[in-house]
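Structure record follows, encoded as structure tokens.
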Amino acid sequence: MAESREHTFTGTRGRNVAREWPHDRPRYLAVLVHGYGEHIGRYEYVADRLVRHGAAVYGLDHMGHGKSEGDRVLVEDFEDVVTDVHAVEERARAEHPGVPVVVIGHSMGGMIAARYAQRYGSGLAALVLSGPVIGEWAVVPALLAYEVPPDVPIDPATLSRDLSIGTAYAADPLVWHGPFKRTTLEAFATTLTTIAKSGTFGALPTLWVHGDDDQLVPLPGSRAGIETVKGTDFAERIYAGARHEVFNETNKDEVLDDVTTFIDRTLT
Numbered sequence: 001m002a003e004s005r006e007h008t009f010t011g012t013r014g015r016n017v018a019r020e021w022p023h024d025r026p027r028y029l030a031v032l033v034h035g036y037g038e039h040i041g042r043y044e045y046v047a048d049r050l051v052r053h054g055a056a057v058y059g060l061d062h063m064g065h066g067k068s069e070g071d072r073v074l075v076e077d078f079e080d081v082v083t084d085v086h087a088v089e090e091r092a093r094a095e096h097p098g099v100p101v102v103v104i105g106h107s108m109g110g111m112i113a114a115r116y117a118q119r120y121g122s123g124l125a126a127l128v129l130s131g132p133v134i135g136e137w138a139v140v141p142a143l144l145a146y147e148v149p150p151d152v153p154i155d156p157a158t159l160s161r162d163l164s165i166g167t168a169y170a171a172d173p174l175v176w177h178g179p180f181k182r183t184t185l186e187a188f189a190t191t192l193t194t195i196a197k198s199g200t201f202g203a204l205p206t207l208w209v210h211g212d213d214d215q216l217v218p219l220p221g222s223r224a225g226i227e228t229v230k231g232t233d234f235a236e237r238i239y240a241g242a243r244h245e246v247f248n249e250t251n252k253d254e255v256l257d258d259v260t261t262f263i264d265r266t267l268t
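Take 1 as the starting number for the sequence shown in full-length UniProt numbering and just add one per residue.
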């Protein structure tokens, strides 16, 4: 695997931990945006593929996630998370001036990346959304119906057909295994509405990848959101039988081949 190093910075709500997988002469910069309850350390395989493809790769643990400060999985406003991701992009650009930037977001990170593209898309070369929480996500209204959201644990088997992924997820001390917090659910609802009302991605090249057996973020709900925001340069890849984490699926190399091929097209 590619070597990585960590650094810290003061984010919008406290100290954030970020990680870089360096490349001496990158063709592009990849900013990875992780999902709910997890951390950027789960993206080692993705980062390694991207480094070998010619990227310097950056990502952070969002507030309340992984090694970053904050109450666990508490997000009051996802606009703050978008701002933190932008700080990572600014550091990447400072280290590699003039190199194009690609943002890749998974699940909740796909939602953050979509909003990021609406705020900062004019400076991006491409956008990749993996199993994004966008459009209609039934989890949010269902849990907000309770004053105190019930603890509904994620079934690790829904992550990937490679069951070792779920086993490692369940044993990972940096992964949050507790219930959603109401404040975070309200922030999800607000951000989903904001994205729907904030226009398309315009000419930004965008790739959407999703498993058709994704039980955590079902395909139909995400499609509704994608149809609202996709711009004029859009492609999708839907993988038969794949579950939620397509970057960790049994066909992950096929998925990452599709991602790198898409990036190559945008860079030329």
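C-beta atoms are modelled at their ideal positions from N, C-alpha and C, and glycine is treated no differently.
Do residue i and residue j have their C-beta atoms within less than 8 Å of each other?
{"i": "GLU38", "j": "ARG161", "result": "no"}
{"i": "HIS96", "j": "LEU29", "result": "yes"}
{"i": "ALA94", "j": "VAL101", "result": "no"}
{"i": "VAL82", "j": "ARG115", "result": "yes"}
Does DSSP put residue i in a helix, a strand or coil?
{"i": "ILE154", "result": "coil"}
{"i": "ALA87", "result": "helix"}
{"i": "LEU267", "result": "helix"}
{"i": "THR183", "result": "helix"}
{"i": "LEU204", "result": "coil"}
{"i": "ALA56", "result": "strand"}
{"i": "SER68", "result": "coil"}
{"i": "GLY41", "result": "helix"}
{"i": "GLY110", "result": "helix"}
Beta-carbon within less than 8 Å of residue i's beta-carbon, same chain only, minus the 5 sequence neighbours each way: which residues are those?
{"i": "THR206", "result": "ALA117, ALA126, LEU127, VAL128, LEU129, LYS230, GLY231, ASP233, PHE234 and ALA235"}
{"i": "ARG15", "result": "THR8, PHE9, SER68 and GLU69"}
Only counting the same chain, and skipping five residues up and downstream in sequence, which positions put a Cβ closer than 7 Å to that of residue i?
{"i": "ARG13", "result": "MET63, GLY70 and ASP80"}
{"i": "residue 271", "result": "What the structure shows of the chain is the stretch from 1 to 268, and residue 271 is not part of that stretch, so it cannot be assessed."}
Between residue i and the rest of its own chain, which residues show a CB-CB distance below 6 Å, the 5 nearest in sequence each way excluded?
{"i": "ARG27", "result": "GLY54"}
{"i": "GLY225", "result": "ILE134 and GLY135"}
{"i": "THR228", "result": "ALA196"}
{"i": "ALA18", "result": "HIS7, LEU60 and VAL88"}
{"i": "LEU256", "result": "ARG49"}
In this structure, what does DSSP give as the bridge partners for residue i?
{"i": "THR10", "result": "ARG15"}
{"i": "TRP21", "result": "VAL57"}
Open item on the list: Any contact between the stretch 55–68 and the stretch 84–94? By contact I mean 3 or more CB pairs, one from each, below 8 Å.
Closed with: At 8 Å Cβ cutoff, the stretches touch.
Open item on the list: Measuring CB atoms only, is the stretch 241–248 touching the stretch 182–190, in the sense that at least three cross pairs come out at less than 8 Å?
Closed with: In this structure the stretch 241–248 does not lie against the stretch 182–190, because fewer than three pairs of beta carbons, one per stretch, are closer than 8 Å.
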